[in-house]
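*Asks:* Residues are numbered in the working numbering as their position in the sequence shown, beginning at 1, plus a constant of 17.
Questions regarding the structure given below will be posed in turn.
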Amino acid sequence: MQLNHTGNRKDVYYLGKLKTDNLFHSVLETKVVKAYGWAPCNRFDDVGSLRPDVELFLNNSKFNIELDTGEMKRNQVQGRWDNYAMANESVHVITPYQDRLCDLLRWSEAIEGLGHFALLDDVLSDPFGAIWAMVGDEFLYQIGC
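Structure (structure tokens):
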């Protein structure tokens, strides 16, 4: 299967209903887990009731990872954030797109203090670096959000 008609074809094993956007999403999840040194994680049906894309376990802490590829509408995103706010659990949101990052930050009042946001390229190149922004951070204005 190929996502963008370039490179060699690969065998892909996928749990769940296979659609191109699901496959792309799963590939990104795998890249993030790999960036964190293949840390223990839960994916698919093994995650908890908040249903993050990935529960990543590092240094005896659980990190709820949400990968946003721009498929969800604003009300869907805000509904997800409301769940994290009600549970008072933090969430780390990763997106490949700068414009989408700005949208997500604007839609995230419900998780102020709980939501951490980063671009996928930053996570992949420096996963333990100072790459995470929060709602209201001065950094956000520097990146044009």
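Built from N, CA and C at the ideal position, the CB exists for glycine as well.
Since we're looking at a predicted model, the values are computed, not measured.
1) Please classify PHE134 as buried or exposed, where buried requires at least 16 other C-beta atoms within 10 Å of its C-beta.
2) Between PRO144 and LYS48, what straight-line distance do the alpha-carbon atoms span, to the nearest angstrom?
3) Report buried or exposed for GLY65, applying the criterion of at least 16 other Cβ atoms within 10 angstroms of its Cβ.
4) Can you find at least 3 beta carbon pairs, one from the stretch 87-95 and one from the stretch 124-133, that sit closer than 8 angstroms?
5) According to DSSP, is TRP149 helix, strand or coil?
6) What's the call for ALA150, buried or exposed, on a 16-neighbour Cβ count within 10 Å?
7) What are the boundary residues of the beta strand (DSSP E) that VAL140 is part of?
8) According to DSSP, is ARG60 helix, strand or coil?
*Replies:* On the basis of the supplied data:
1) Here residue 134 refers to the residue found at position 117 of the sequence shown. PHE134 should be labelled buried.
2) The residue you call residue 144 lines up with position 127 of the sequence shown. The residue you call residue 48 lines up with position 31 of the sequence shown. So the two alpha carbons sit approximately 11 angstroms from each other.
3) Start at 1 with the first residue of the sequence shown, and residue 65 comes out as number 48. Under this definition GLY65 is an exposed residue.
4) Cβ pair count under 8 angstroms is three or more, so yes.
5) Your numbering for residue 149 matches position 132 in the sequence shown. Of the three classes helix, strand and coil, the one that applies to TRP149 here is coil, per DSSP.
6) The residue labelled residue 150 in the question sits at position 133 within the sequence shown. The residue in question, ALA150, is buried, as its Cβ has 16 or more Cβ neighbours within 10 Å.
7) Stepping through the sequence shown from its first residue, residue 140 is reached at position 123. Here VAL140 belongs to no beta strand (DSSP E); instead the alpha helix (DSSP H) covers 137-142.
8) Counted from its first residue, the sequence shown places residue 60 at position 43. Strand.
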